Amino acid sequence: AQGMLYTCLFATSGHDFRSLLREGASDEQLARQIESIWGRRADRYSELRNARPLPMPKVEMSYIGG
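If you're matching positions, the sequence shown starts at 16 in this note's numbering and goes up one per residue.
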């Protein structure tokens, strides 16, 4: 694992959680960060994938630990 949080399996980039963990962030801080990221996410790749003819780069599940 690379310490990244991906909000969608089709996301092309993620959010760095490795730094937060290495800096000793508390469970509460991590939860707030996840809530913040999830609340402002704009990725709807599953919906876009069906409506868009162009292929989008994706992260393989094995790369993100799935």
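Beta carbons: idealized from backbone N, C-alpha and C, even for Gly. What you are looking at is a predicted structure, and each value in this text was computed from that prediction instead of being measured.
Go through its chain and collect everything with a Cβ distance to W53's Cβ below 7 angstroms, but skip five positions before and after it. Along the sequence shown, one-based indexing puts residue 53 at 38. Cβ neighbours of W53 beyond the five flanking positions: T22.
Residue burial classification, A26 (beta-carbon count within 10 angstroms, cutoff 16) = For the purposes of this step, residue 26 is taken as residue 11 along the sequence shown, with counting starting at 1. Buried is the call here.
Which of helix, strand or coil does DSSP assign to L24?
The residue labelled residue 24 in the question sits at position 9 within the sequence shown. The DSSP-derived three-state label of L24 is coil.
message: Taking the alpha helix (DSSP H) that R47 belongs to, which residues open and close that run?
response: In the sequence shown, residue 47 corresponds to position 32, counting from 1. Judged by DSSP secondary structure, R47 falls within the alpha helix (DSSP H) whose first and last residues are 42-54.
Straight-line CA distance for A66 to A46?
-> Position 51 of the sequence shown holds residue 66. Position 31 of the sequence shown holds residue 46. One alpha carbon belongs to A66, the other to A46, and they sit about 33 angstroms apart.
On the DSSP bridge list, what partners appear for D31?
As a working mapping, residue 31 is identified with position 16 in the sequence shown. Residue pairing for D31: DSSP places it in a beta bridge opposite M19.
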